[in-house]
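Have a look at the structure below before the remarks.
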Amino acid sequence: MKIREYKILSDYKEVTPVCKSIRLFCLKEDFNTSDCNEVEICLIEALNNIIRHAYKEDFTKNIEIDVKISGSDLEIRLTDTGIPRKNFSKPKLEFDPKDIENLPEGGMGLYIIDQLMDEIFYNTNNGVNIFYMKKRFSKPAAV
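Here is the structure:
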């Protein structure tokens with residue numbers, strides 16, 4: 001089992017570097033590049049949501065990121081002390097993709113995360129919010 005722990009400020013400038021670092025951590029384990037890219041997309045979306053919604057763009061708060069690789073599983077736990085989510089139901093996006101003017105303004109991030117990750121859940125307790133994501137990796141095809 002390999003574990004990495006990160007702590008960043010709730011600032012959008014911090015998101016890209018930590019996500020790239022975690023993506024490299026996945027790639028070093030010889031996981032499929034496409035799967036690593038999906039993890040990076042989900043992590044960017046989840047961190048941006050914490051900054052925007054939980055911390056209301058207060059760039060001085062902390063976000064803890066715990067990453068664990070065990071076998072072919074990657075687990076990510078994001079911890080914050082911001083405003084808890086009121087609704088974590090998985091969205092159903094029902095829209096006409098050809099009608100660009102009426103695409104939904106929000107809710108797509110959680111939908112994308114739910115589609116790309118194998119497991120997600122959210123919990124809040126005593127002022128601490130935890131968002132958990134799990135990805136089961138496929139190893140790259142032998143060349």
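Residue numbers (full-length UniProt numbering): 1 to 143. For each residue, glycine too, the CB sits at the ideal point set by N, CA and C.
For F121, the secondary structure class from DSSP, reduced to helix, strand or coil, is strand.
Within the same chain, C42, E45, A46, I120 and M133 come within 8 Å of I113 by CB-CB distance, once the 5 residues on both sides are set aside. Only buried fits L78, as 16 or more other CB atoms lie within 10 angstroms of its CB.
Scanning its chain for C-beta atoms nearer than 6 Å, with the 5 sequence neighbours on each side dropped, one finds around I69 the residues K2 and E29, in chain order. With respect to the 8 Å criterion, D66 and K135 are not classified as neighbours on the basis of their beta carbons. Cβ neighbours of L116 within its own chain (closer than 7 Å, five residues either side excluded): E38, I41 and C42.
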